[in-house]
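Following: one structure in structure tokens, then a few remarks.
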Amino acid sequence: MPSSFAALPEPPCEVRAFGHLPEWGRAPLPLIEAGAEAARRAGGDVFRLRLGLPAVVGFSPAWNRRLLSDLETFVSAGSFSRVVPYLSGGVILSDVPEHAGRRGVLNPGFGRRAVLALQERVRRAVPAVPEGPFDALAWADGAVLRALNAAYFSGEADERLLHAFLAPLRRPFPVPAVPRPLLFRRMDGELRRLMDLRAREGGRDDLLGFLAGVPDGLLEARVSLAAAHDTTTHALAYALWQLALHPEWHRPEGHPWVLKEVLRLWPPGWMGSRRLARDVDWQGVRLPGGAVALYSPYLTGRDAALWPDPLAFRPHRWAAPPPAWAYLPFGGGERTCLGLHLAQSIILTVLEGLPPLRAHWGDARARPGITLGPAGPLVVQRRAQVSTAVP
Ligand code: HEM
Numbered sequence: 001m002p003s004s005f006a007a008l009p010e011p012p013c014e015v016r017a018f019g020h021l022p023e024w025g026r027a028p029l030p031l032i033e034a035g036a037e038a039a040r041r042a043g044g045d046v047f048r049l050r051l052g053l054p055a056v057v058g059f060s061p062a063w064n065r066r067l068l069s070d071l072e073t074f075v076s077a078g079s080f081s082r083v084v085p086y087l088s089g090g091v092i093l094s095d096v097p098e099h100a101g102r103r104g105v106l107n108p109g110f111g112r113r114a115v116l117a118l119q120e121r122v123r124r125a126v127p128a129v130p131e132g133p134f135d136a137l138a139w140a141d142g143a144v145l146r147a148l149n150a151a152y153f154s155g156e157a158d159e160r161l162l163h164a165f166l167a168p169l170r171r172p173f174p175v176p177a178v179p180r181p182l183l184f185r186r187m188d189g190e191l192r193r194l195m196d197l198r199a200r201e202g203g204r205d206d207l208l209g210f211l212a213g214v215p216d217g218l219l220e221a222r223v224s225l226a227a228a229h230d231t232t233t234h235a236l237a238y239a240l241w242q243l244a245l246h247p248e249w250h251r252p253e254g255h256p257w258v259l260k261e262v263l264r265l266w267p268p269g270w271m272g273s274r275r276l277a278r279d280v281d282w283q284g285v286r287l288p289g290g291a292v293a294l295y296s297p298y299l300t301g302r303d304a305a306l307w308p309d310p311l312a313f314r315p316h317r318w319a320a321p322p323p324a325w326a327y328l329p330f331g332g333g334e335r336t337c338l339g340l341h342l343a344q345s346i347i348l349t350v351l352e353g354l355p356p357l358r359a360h361w362g363d364a365r366a367r368p369g370i371t372l373g374p375a376g377p378l379v380v381q382r383r384a385q386v387s388t389a390v391p
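Take the sequence shown: its letter number 299 is residue 299 in UniProt numbering, and every next letter is one higher.
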């Protein structure tokens with residue numbers, strides 16, 4: 001007989017009546033780390049959170065595999081994405097059987113080969129780094145916006161509107177959850193204008209040109225842009241910072257491992273959510289249908305049982321493949337990030353064109369919002385310049 005959900009370990013909370021909501025709002029990373037510790041002490045790999053509704057968080061490869069492979073039980077409808085209008089729609093919120101059809105249509109446009117064809121225009125769009133000291137986080141933000149404008153719209157989208165559309169996503173909760181009908185209407189108007197241009201004039205082999213030809217293409221464009229920007233910006237900013245701290249890794253052959261290591265330690269998608277479509281027995285515990293089920297690339301990527309010296313930044317560890325279902329910065333299974341190739345291509349293209357950097361000062365502590373990124377700023381400077389400017 002499975003034991004009840006209430007028997008699951010959980011992290012401490014200050015005021016029992018509020019459950020974990022205050023801690024979740026204030027400092028979710030220490031909360032989930034304490035939860036994982038409680039689960040380990042109890043000999044398990046899941047813990048529960050009380051977030052106004054029952055939630056279960058797991059972090060072992062076995063849990064990740066189950067959650068990411070059993071798409072009939074672990075569904076997106078009713079997950080946290082629904083709370084954020086930016087992410088609430090299109091492929092992100094579709095479920096079996098519709099999801100496979102949507103991905104089948106979208107995958108070719110975002111596949112490795114299609115993204116390779118966009119690389120040159122991305123390279124041309126990336127701005128040069130400033131001459132003096134600059135904030136790598138702010139610079140990455142602008143560079144990724146330009147790169148996405150190039151890849152999606154051949155650089156034709158109104159950059160100020162794009163920036164305004166994406167800005168609320170970067171703010172702490174509840175700002176990203178606030179409905180913004182006017183802003184969304186303006187963005188949709190711009191997407192429609194650019195789609196019409198492609199229909200009328202043709203000749204633009206960019207992502208919007210592809211999306212214009214798929215069902216719900218405008219919605220998929222808007223939702224995927226929202227999924228693309230901060231995730232890619234945060235990963236790029238951490239990569240710039242780490243290269244400034246570890247200049248010996250700043251060479252094109254080293255960059256893929258640097259990026260992998262950045263995404264292991266600071267996965268922008270630090271927590272993925274689903275809803276349980278039915279009761280599930282997990283290692284002797286009955287998880288109730290309707291509960292929120294979460295996996296955490298952050299917890300799994302820092303688990304000492306899976307990674308030697310897990311908190312150390314050691315790109316060299318990527319000489320060997322990671323354990324299965326232990327490295328999930330882009331999720332896994334059929335719902336693996338649609339933009340995986342695009343994000344990697346943008347980041348590696350930017351790194352390739354980057355001069356050697358030196359870290360000045362900054363706050364690289366992880367700050368989790370909709371995506372996880374550095375608290376910032378992260379002030380860096382070209383190396384050659386530093387050696388002439390500072391004797
Ligand atoms: C470093 C950058 C990125 C990271 C770390 C990242 C991370 C993720 C993760 C972890 C998931 C799975 C979420 C889950 O299982 O609930 C996901 C899904 C998704 N990502 Fe990304 N992402 C990045 C960039 C992008 C880009 C550039 C796009 C643009 C197309 C994108 C579009 C999407 C979409 C549409 C999904 C939903 C896929 C589905 O449900 O089938 N992402 N991403």
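Glycine residues also receive a C-beta, built at the ideal position from the N, C-alpha and C atoms.
Residue i, DSSP secondary structure in three states
i: Ala104; result: A small fix is needed here, since residue 104 is Gly in this sequence, not Ala. Helix, per DSSP.
i: Phe134; result: strand
i: Phe47; result: strand
i: Trp241; result: helix
i: Gly19; result: coil
i: Trp270; result: coil
i: Val390; result: Residue placement at Val390 is flagged as unreliable, the pLDDT there being 44, under the threshold of 50; the coordinate-derived value follows with that caveat. Coil, per DSSP.
i: Glu382; result: In the sequence as displayed, the identity of residue 382 is Arg instead of Glu. Here Arg382 sits in strand by DSSP.
i: Arg275; result: strand
i: Gly362; result: strand
i: His250; result: coil
i: Leu357; result: strand
i: Ala39; result: helix
i: Pro9; result: coil
i: Val214; result: coil
i: Arg302; result: coil
i: Phe330; result: coil
i: Ser154; result: coil
i: Thr336; result: coil
i: Val84; result: coil
i: Arg204; result: coil
i: Asp230; result: helix
i: Pro310; result: coil
i: Asp141; result: helix
i: Val178; result: coil
i: Pro61; result: helix
Proximity below 8 angstroms, CB of residue i to CB of residue j
i: Asp363; j: Gly376; result: yes
i: Arg160; j: Asp188; result: no
i: Glu261; j: Leu106; result: no
i: Val75; j: Ala277; result: yes
i: Gly284; j: Leu68; result: no
i: Arg48; j: Glu10; result: yes
i: Leu225; j: Tyr152; result: yes
i: Ala147; j: Ile346; result: yes
i: Ala293; j: Val56; result: yes
i: Asp205; j: Ala117; result: yes
i: Gly44; j: Arg275; result: no
i: Leu328; j: Pro297; result: yes
i: Ala136; j: Leu240; result: yes
i: Leu351; j: His229; result: no
i: Thr300; j: Ala319; result: no
i: Pro176; j: Tyr86; result: yes
i: Gly19; j: Arg50; result: yes
i: Leu338; j: Val129; result: no
First through last residue of the alpha helix (DSSP H) which encompasses residue i
i: Gln119; result: 119-125
i: Asp188; result: 181-201
i: Arg264; result: 255-265
i: residue 399; result: Shown here, the chain extends from 1 to 391; a query on residue 399 therefore has no answer.
i: His163; result: 159-166
i: Arg112; result: 112-116
i: Ser76; result: Counting along the chain, Ser76 falls outside any alpha helix (DSSP H), and DSSP gives it neither H nor E.
i: Thr349; result: 340-352
i: Val91; result: 90-93
Limits of the unbroken beta strand (DSSP E) element including residue i
i: Tyr295; result: 292-295
i: Pro315; result: Unbroken run through Pro315: none, as it is neither H nor E.
i: Pro374; result: 372-374
i: Val57; result: 54-58
i: Leu169; result: Counting along the chain, Leu169 falls outside any beta strand (DSSP E), and DSSP gives it neither H nor E.
Cross-strand partners of residue i (DSSP beta bridge)
i: Asp281; result: Arg286
i: Leu71; result: Leu71 pairs with nothing; no bridge assigned.
i: Gly209; result: According to DSSP, which records beta bridges pairwise, Gly209 is partnered with nothing at all.
i: Ser3; result: Val285
* **Three or more C-beta pairs below 8 angstroms linking the stretch 80-92 and the stretch 304-318** => no
* To do: Tell me, please, whether the stretch 98-115 touches the stretch 208-215 by the rule of three or more beta-carbon pairs shorter than 8 angstroms.
  => yes
* Please confirm if the stretch 185-199 is in contact with the stretch 240-255, defined as three or more CB-CB distances below 8 angstroms between the two stretches. => no
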